[in-house]
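Last residue of the sequence shown? That's 987 in the working numbering, and every number before it is there in order. We put the CB at the ideal spot given by N, CA and C, even for glycine. Being a predicted model, the structure only gives us computed values, none of them experimental. Since the structure comes first, as structure tokens, the remarks are kept for the end.
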Amino acid sequence: MEIIYRKAGIEESYKMAELYNEFLYDLRDLSKDIYFDFEEISVDDRVKLLEDRFNADKGLIVVAEVDGEIVGFISMTIMNCFMVVSSVKNIGYIEAGYVKPQYRRLGITRKLESQVVEFLKEKNIRYLELFTLLNNEPANESWSKLGYSPFRLQWRKDLDG
């Protein structure tokens, strides 16, 4: 099986939107969290959001392809550091990363992430961040193996309960 890694193009917006939605539904099912209790997302609406990423110089979507089928992706953007007084002004932020279940454990995420890192280094960005859910053990394990480590906790309080 040959896996091709490449930057996604705007002409692939619909294919990417379908896979992105698969990622969101998978996250919703895994988390069982009210945050991810959302209505079905139309592919057309997702395409509009993705096209903004394709048209921005501050973003990138890389894909893994097998026999013409996109089987995984990472979508990232360059954004301001969350701490406005920091000397670090811009960071890379992985908005989403997903590999179809039948293609996991083949090193696809590692290869996709390396292309994101290369893109950010060309732009002199030092840090790459992302979030995962505490109970998403496969994602936590995967990102940990790639050298990521937690550096802050995000807390929330349910004001209705």
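Per DSSP, Y846 is one residue of the alpha helix (DSSP H) stretching across 839 to 857.
For Y840, same chain residues with a beta-carbon under 7 Å away, outside a window of 5 residues either side, are V869, V873 in chain order.
Of the candidates K858, K983, E828, V914, the residue whose Cα lies closest to the Cα of Y953 is V914.
Bridge pairing for I904: G918 [DSSP]. Each of S912, P927, D863, K884 was checked against the Cα of V897, and the nearest Cα belongs to P927.
A890: member of the beta strand (DSSP E) spanning 885 to 892, first to last residue.
Beyond the five residues adjoining it in sequence on each side, F957 comes within less than 8 Å, by CB distance, of Q980 in the same chain, given in chain order. Under the DSSP definition of a beta bridge, E895 partners with V892.
If you check the CB distance, T903 and G885 come in under 8 Å. A straight line joining the alpha-carbon of Q941 with that of K858 spans about 32 Å.
Straight through space, the alpha carbons of E955 and I920 are spaced by roughly 6 Å.
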